[in-house]
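Heads up, the thing below is written out as structure tokens.
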Amino acid sequence: MDSNWEKLPGHLLSYILNKVELLSDYLQCTLVCRSWNGAAKDCESQLAKMRSCYRPPMLLISNSTDEDNTWNVYSIIDNKVLDMQLEMPNVRFCGSSNGWLITMDKNFVVILVNPFFRVKGRRKENSIIRLPPMNFPSHFHSLLYKKYAYKAIISADPILNANDCIVVVIYEEQLRLAFIRLGKDATWTYIDESCRPIDDVIYAQHKFYAADGKRGKLLSFDISTSVVECVAPGVRQKGDYLKKYLVDSDGKRLLMVQRDITYATWKRATTQIEVRELDFDKYWWKRKNTLDGLAIFLGDNSSVSVLASNFPGCQPNCIYFNHDTDRMKRKFEDSGPHDFGIYNIEDKTFQFGTYSPQDRSFSQIFTLLKTTNQPPIWVVPTFQI
């Protein structure tokens, strides 16, 4: 007797959908029949999971020589550059958060761009959101707008959860903080100027946290009062340049990744990576020698962590790091973005110039990176049925 998928009991269908881990598999479920498509749309918990950041990001690489302003897409899971291009300007993106990219134009207007709404030949509406311009000092010439926004995040998807979307920017040479509530504020709010320099900012467990770039402290700030408080003490500071990243791990843990960077012969290189976890009971940092099976993706993006065993191609207990923007603001020279690779926290080994240990040559990515003049950036694909 033929199976009748259309009449599968609702509770069994919900059980199946809640067990699906891969985005591609979930999309396949929506194509089985009309009832499955409807159930997939109504399965709120799984939709929330699929829309969350707990999926591997894809790497976007600009075609610098392409007059059409397109970006290539590299998939970690498939270990290849996908047969698709995204129509976006050849600019530096200062953030990637909740599936959206963030940049600034010459008028100091902050712009949100959904890259996967801009697939070449298949654009969707609402792919670009323009926010009010930020204030800028007179000495900041309009030609320097590209460097004004150091890093930026959003707290929620500006389309799906517009009421909860807050945009936070680390800005200017002093790396201060400013924020704006989407659809609610006409101007930006600027956090206490003494709160600087900031290396990274994250929205986790319904709070905003920031990493102090000078002393290594963990700070928290309340947007209702703009008050900043120290949550945890600083950690060791050494090396030529130390960059810090905050990572929300499964929505329950907060990690700080410290990346030592040197500039030997003016060429950037990552020399050491350390990870610490915040003890929320003692508000103290604990050194980590394992990621408990997680894979972490670092760069100009809001850091992403996923359980590697759920996704083929992801290496457990490894950190995938990009050649991102830093306070030194050095150019890529002739080699393009080159300070990237994988770091295994358990055996403390680096694999430079690759995101796939099985593909040592990595020729396609190398070719693309060598010719680009913009930092590549990780972005989690947005999910819509």
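Here our numbering is used: the first residue of the sequence shown is 6, the next is one more, and so on. Note that CB positions come from ideal geometry on N, CA and C, so glycine has one too. Bear in mind that the values here come from a model prediction, so they are computed numbers and not experimental data.
Would residue i pass as a contact of residue j if the rule is Cβ separation under 8 Å?
i	j	result
N322	I347	no
A237	W290	yes
I81	Y360	yes
S199	I159	no
L180	G221	no
P120	F302	no
D162	G100	no
C38	S19	no
I207	V233	no
L165	V173	no
L187	C170	yes
N95	V86	no
W193	I185	yes
M139	V124	no
L64	W383	yes
G298	A313	yes
V252	S308	yes
I324	I370	no
D205	Y250	yes
R281	V311	no
Give the DSSP-derived three-state secondary structure of residue i in the structure shown.
i	result
T35	helix
D47	helix
A313	helix
N23	helix
E177	coil
W76	strand
W10	helix
Y268	coil
T192	coil
K4	In the structure as shown, the chain starts at 6 and stops at 390, and residue 4 therefore has no counterpart that could be examined.
L296	coil
K219	coil
K129	coil
C58	With a pLDDT of only 48 at C58, under 50, the local geometry of the prediction cannot be trusted, and the value read off the model is given with reservation. Residue state, collapsed to three classes: coil.
I350	coil
I164	coil
F302	strand
F355	strand
F121	helix
G239	coil
Would you grab the beta carbon distance between residue i and residue j for me? Rounded to a whole angstrom, and I think it's under 8 Å.
i	j	result
K248	I266	6 Å
I66	P381	5 Å
M93	N74	6 Å
I107	A157	4 Å
G318	N9	Going by Cβ atoms, the distance from G318 to N9 rounds to 36 Å, so no, they are not a contact pair.
T330	R97	7 Å
K212	S225	6 Å
Taking its Cβ as the centre, do 16 or more other Cβ atoms sit within 10 Å of residue i, making it buried, or is it exposed?
i	result
M333	exposed
C235	exposed
Q263	buried
T354	exposed
K24	exposed
A45	buried
S366	Per-residue confidence for S366 stands at a pLDDT of 49, beneath the threshold of 50, marking its modelled position as unreliable; the derived number appears in the next sentence. The residue is exposed, with fewer than 16 neighbouring Cβ atoms inside 10 Å.
I342	According to the sequence displayed, residue 342 carries Pro and not Ile. By the 10 Å Cβ count, P342 comes out buried.
Y155	buried
F345	buried
H328	buried
M261	buried
T283	Checking the displayed sequence, the identity of residue 283 turns out to be Leu instead of Thr. It counts as buried.
L296	buried
R60	buried
What does DSSP give as the partner residues of residue i in its beta bridges?
i	result
R186	I171
K85	S80
F213	Y208, F226
V114	P138
T275	I266
D253	L259
K248	R264
When the cut-off is 8 Å and only beta carbons count, does residue i lie next to chain D?
i	result
I228	This model lacks chain D altogether, as it is built from one protein chain only.
Compute the minimum distance between the beta carbon of residue i and the heavy atoms of the ligand ADP, and state whether it is under 7 Å.
i	result
A154	What this structure holds is no ligand at all, so the ligand ADP is not there to describe.
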